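Numbering (our numbering), first residue to last: 86 to 386. C-beta: ideal position from N, C-alpha, C; glycine also. It should be emphasised that the depicted structure is a prediction, and the values quoted were computed from it without experimental measurement. Following: one structure in structure tokens, then a few remarks.
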Amino acid sequence: MQNNDIKKHSLSNPNASESAVRLYDYLFGIFGKKMLTAQQESVWTGSPDKELKYIKETTGKLPAIRGLDFIDGDFDGVVLRAKGWHGKGGIVTICWHTGLYGGGYTECKENVPDFDKLLTEGTDEHRAMLQSWDKAAAALAELRDSGIPVLWRFFHEFDGGWFWWEKGGKDNFIRLWRLMYNYFTREKGLDNLIWVLGYADFVLEGWYPGNGYCDVIGSDTYNNSTHKAGWDGLKKLGTNKPLAFHECGNVPSVEDFERDGAFWLWFMIWHTEFIFKNDRENLKRVYNSEKTVTLDRLPRL
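Here it is in structure tokens:
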């Protein structure tokens with residue numbers, strides 16, 4: 086079956102893989118009707134499954150989406166766990182806390198780039214950045230070759246004011262995002278990516294890279310709300326793309342999401358203390374609601 090036979094909603098990449106198209110059609114089909122449950126993992130607490138085990142023990146369920154991070158160059162580990170999760174029928178989302186040329190959380194906050202050099206082909210800075218991207222591209226290509234679509238959430242919280250990729254302002258960010266998009270889709274042939282554009286709380290104007298460069302748009306907050314303000318900000322963009330609550334702390338009740346009219350495609354609770362501080366009874370109700378999708382409720386795509 087060709088992509089044209091199954092495509093109902095167009096991904097930004099016209100050459101998207103069949104598995105990415107199928108997943109995107111599913112996401113569009115449930116948006117506004119059900120919310121996908123999602124959980125970000127941590128890898129420094131003894132087991133990368135610590136958060137998932139806690140959710141299973143608390144709710145009897147597992148999330149539909151597993152959140153992973155290439156942080157500190159954990160490419161092999163992320164690929165291994167992504168393959169395992171996909172094998173269970175789950176959906177994979179990957180972010181990357183990285184410095185300009187590698188590193189982890191410290192570097193992604195402390196690096197201060199020269200954007201003129203960074204975005205100019207042929208400079209040492211440009212070459213070094215692409216060489217660091219090549220490592221992530223190789224990992225994503227391994228998932229592509231295994232038929233695994235990825236919700237790729239790179240350069241997240243770009244309007245928040247704390248990561249290096251936003252320190253050049255909105256125009257340089259848009260150039261940087263488009264460079265990454267074109268490099269991964271055209272040069273590296275990563276047709277398995279569904280591009281997730283993740284604003285911080287604010288959803289500031291002027292940072293949107295264009296409909297042709299993303300597939301899902303989202304916002305996050307840790308104020309323990311339904312993030313109605315973020316929802317409204319994203320709606321004002323007029324993109325007609327599904328909206329994701331891509332990071333949160335304490336998840337509200339399903340009834341609160343419905344009441345506020347902020348019924349996200351998914352909500353993803355952050356790792357370690359954030360998931361453990363959630364009210365256990367509310368978490369159980371959310372995961373067992375008819376309005377949410379857990380791992381056992383996902384169709385085989």
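Report task. Let me know the secondary structure DSSP gives ILE233 once reduced to three states. Result -> Looking at ILE233 - three-state DSSP - the assignment turns out to be coil, as it is neither helix nor strand.
**Report entry** Cα-Cα separation between THR270 and GLU366, rounded to whole angstroms
**Finding:** 43 Å
Query - Helix, strand or coil at ASN89 according to DSSP, with G and I counted as helix - result: Unreliable placement is indicated for ASN89, whose pLDDT of 38 sits below 50; the coordinate value is still reported in the next sentence. Correct three-state label for ASN89: helix.
Query - Expected contact under 8 Å - CB spacing of PHE248 and CYS193 to nearest Å - result: 5 Å
Requested in this report: Taking ARG151 as part of the beta strand (DSSP E), name the residues at either end of that continuous run.
Outcome: Element bounds for ARG151: 150 to 154.
**Report entry** 8 Å CB neighbourhood of LEU215 in its chain, flanking five on each side removed
**Finding:** TYR268
Report task. In angstroms with no decimal places, state the Cα-to-Cα distance between PRO294 and TYR284. Result -> Using only the alpha carbons, I get a separation of about 12 Å.
Requested in this report: Report yes or no: do the segment 120 to 129 and the segment 341 to 356 share at least 3 C-beta pairs separated by less than 8 Å?
Outcome: yes
**Report entry** Bridge-paired residues (DSSP) for THR122
**Finding:** Paired residue(s): PHE352.
Query - Entirely enclosed alpha helix (DSSP H) segments - the segment 141 to 223, minimum 4 residues - result: Here the runs fully enclosed are 160 to 172, 190 to 195, 200 to 203.
Query raised in the report: In the structure shown, what three-state DSSP assignment does THR311 receive?
Result: coil
**Report entry** Exposed unless 16 or more other CB atoms sit within 10 angstroms - verdict on VAL197
**Finding:** exposed
Query raised in the report: Since LEU236 contacts VAL301 with CB under 8 Å, what's their CB separation in whole angstroms?
Result: 7 Å
Report task. Taking only the alpha-carbon atoms, compute the straight-line gap between ASN308 and GLY315 and give it to the nearest angstrom. Result -> 12 Å
Query - C-beta atoms of ASN296 and PRO234 nearer than 7 Å - result: no
Query - Through-space distance from HIS94 to GLU206, alpha-carbon basis - result: Taking the Cα positions, GLU206 is about 34 Å away from HIS94.
Query - Straight-line Cα distance separating HIS171 from PRO99 - result: Their Cα atoms are separated by approximately 24 Å.
Query - Touching by the beta-carbon criterion (3+ pairs, under 8 Å), the segment 221 to 235 and the segment 152 to 167 - result: yes
Requested in this report: Take PHE116 as the anchor and find which of ARG385, TYR372, PRO337, PHE330 has the nearest alpha-carbon.
Outcome: PHE330
**Report entry** Candidates THR144, ASP230, LEU108, ASP110, of which the one nearest ARG395 by Cα
**Finding:** In the structure displayed, the chain extends from 86 to 386; residue 395 sits before or after that span and is not available.
Query raised in the report: What does ASP305 pair with, by DSSP beta-bridge criteria?
Result: Answer by DSSP bridge pairing, in chain order: GLU332.
Query raised in the report: Is LEU289 helix, strand or coil when you go by DSSP?
Result: coil
Requested in this report: Work out the CA separation of SER104 and TRP280 for me, nearest whole Å.
Outcome: 14 Å
Query raised in the report: Of the residues LYS220, LEU203, ARG260, LYS321, which one's Cα is nearest the Cα of TYR298?
Result: ARG260
Query - Cβ-based neighbour list, GLU358, same chain, cut-off 6 Å, excluding 5 preceding and 5 following - result: none
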